[in-house]
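Residue numbers (the working numbering): 192 to 293.
Worksheet: one structure, shown below.
Printed below as a string of C-alpha cells:
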C-alpha cells in the first residue's frame, strides 16, 4: 500500500489488522488468522463500501508512508462503549497504535 501512496480507511474495529498476531499462531498467516466472525465483519465492510482505499499522488506522500510517519491503514472509530478514544492504525513498519491523527 505505502509504496504506491495507497491508504486504507475504516478497517473494521473487530478484526485483526494485517500482520497482527493472533493468540494461537506464532507467525501471522494472513486472513486465515481471522476468526469466522472477523472474516464476516471484513466481508461486510467490503460489500457495503465502508472500507475505502485512497490513492495520494503528492510526490512526498509515499515517502511519509514508507518511513512510518503516517499510517497505511486507519481503523474505523470504536463504538460508544469502547475504552479506546481512537481506532487502530497500522504503519508500514508493522507498528499498530490508537493515538489518533497526528
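Glycine included, each C-beta is placed from N, C-alpha and C at the ideal position.
Owing to the predicted nature of the structure, the values given are computational and were not obtained by experimental measurement.
Query, Result
"Cutoff 8 Å; reference residue 208; Cβ partners in own chain excluding five residues on either side", "202, 264, 266, 279, 281 and 287"
"Whole-number beta carbon distance between residue 262 and residue 194, since they are thought to touch under 8 Å", "About 15 Å separates the two Cβ atoms, so there is no contact after all."
"Candidates 206, 260, 268 and 197, of which the one nearest residue 226 by Cα", "206"
"C-beta contact flag for residue 244 and residue 197 at 7 Å", "yes"
"Extent of the continuous beta strand (DSSP E) to which residue 198 belongs", "197 to 202"
"Candidates 274, 223 and 255: closest to residue 204 by CA position", "274"
"Local Cβ density within 10 Å of residue 258, reported as buried at 16 or more and exposed below that", "exposed"
"Beta-bridge pairing of residue 266 - partner residues as DSSP gives them", "202"
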